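*Asks:*
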Amino acid sequence: MNHRITALACAVLLAAPLSALAADESPYSWEVAAVSDYVFRGASQTDEDPTVQAGFTYTTAPGIYANVWASGVDFGTDKPDYEVDVTIGWNTDLTEQVNFDAALTRYLYPDAGSNNYNELITTTTFADTYSATVAYSNDVWNTDTDGWYVAVGGEWELPQEFSLNAGLGYSTFEKDVAEDYLDWSLGVSRAFGPATVGLTYHGTNSRGEYNFGETADDRVVLSVSFGN
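Throughout the sequence shown, residue numbering follows mature numbering (1 follows the signal peptide of the UniProt record, and there is no 0), covering -22 to -1, 1 to 206 in sequence.
Printed below as a string of structure tokens:
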């Protein structure tokens, strides 16, 4: 199956919104990462191989931001070899405890344009800890099919400067392009100087494995990232 789900710039599973920009902060941010496997919503995008990823974000004072993110991919065919996601979004604090983020992402495969599609993603974060994501595409995987993704997640501080994150998501499709399926993740991470190291377990239910085969099997992913 060529049209595998691909990643959002702000997501590893589940996507978390950008923090509201303070007046004395730079409007620019960037991140470069090496990962042992690029997993998006439970399925490997690199045929279970490692890759390098990079992203750049510009945020304006009212909370409008633009992001470009790129990664290598391997769907088991000659093309595509890489993915570029372009995102325009808006981020705001609704209250002191609630943050809201809405983003429109264009998933691009420059060497295989027939895979390109759009997705609208909203994420609401509560108390800087819990998140709820709703995503919609009217052309998921460029199949002229409506697709929805809903997810909940959280992130908690642990002793020794470690952090724990967890997520549970559900993908559903209007037509029979794929079976509706569940995905989940559980990970730990820690900063070591300029680098952040993460170890995350990913899995799907049997319907996810039916859709994507071995690339949706349970797996553990190691990541090392640098950024500001």
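Even glycine gets a Cβ: it sits at the ideal position worked out from N, Cα and C. What you are looking at is a predicted structure, and each value in this text was computed from that prediction instead of being measured.
#1: Measuring alpha carbon to alpha carbon, tell me which residue in 24, 69, 145 and 158 is nearest residue 131.
#2: Can you tell me whether residue 213 is helix, strand or coil according to DSSP?
#3: Among 59, 3, 41 and 44, whose alpha-carbon lies nearest the alpha-carbon of residue 27?
#4: Could you pull the DSSP bridge partners for residue 50 from this structure?
#5: Straight-line CA distance for residue 162 to residue 134?
#6: Return the bridge partner residues of residue 135 from the DSSP annotation.
#7: Three Cβ pairs or more, each shorter than 8 Å: is that satisfied between the stretch 96 to 107 and the stretch 73 to 86?
#8: Go ahead and label residue 143 buried or exposed: buried means 16 or more other beta carbons lie within 10 angstroms of its beta carbon, across all protein chains shown.
#9: Tell me which residues share the same chain as residue 120 and place their Cβ nearer than 7 Å to its Cβ, disregarding the 5 neighbours each side in the sequence.
#10: Note down, in chain order, each residue of its chain lying with its Cβ closer than 8 Å to the Cβ of residue 48, except the 5 sequence neighbours on either side.
#11: Can you tell me whether residue 86 is buried or exposed, with buried defined as 16 or more other CB within 10 angstroms of its CB?
*Replies:* Working from what's here:
#1: 145
#2: This structure cannot settle anything about residue 213, because the visible part of the chain is limited to -22 through 206.
#3: 59
#4: 60
#5: 17 Å
#6: 141
#7: yes
#8: buried
#9: -20, 92, 93, 94 and 95
#10: 31, 32, 33, 60, 61, 62 and 63
#11: buried
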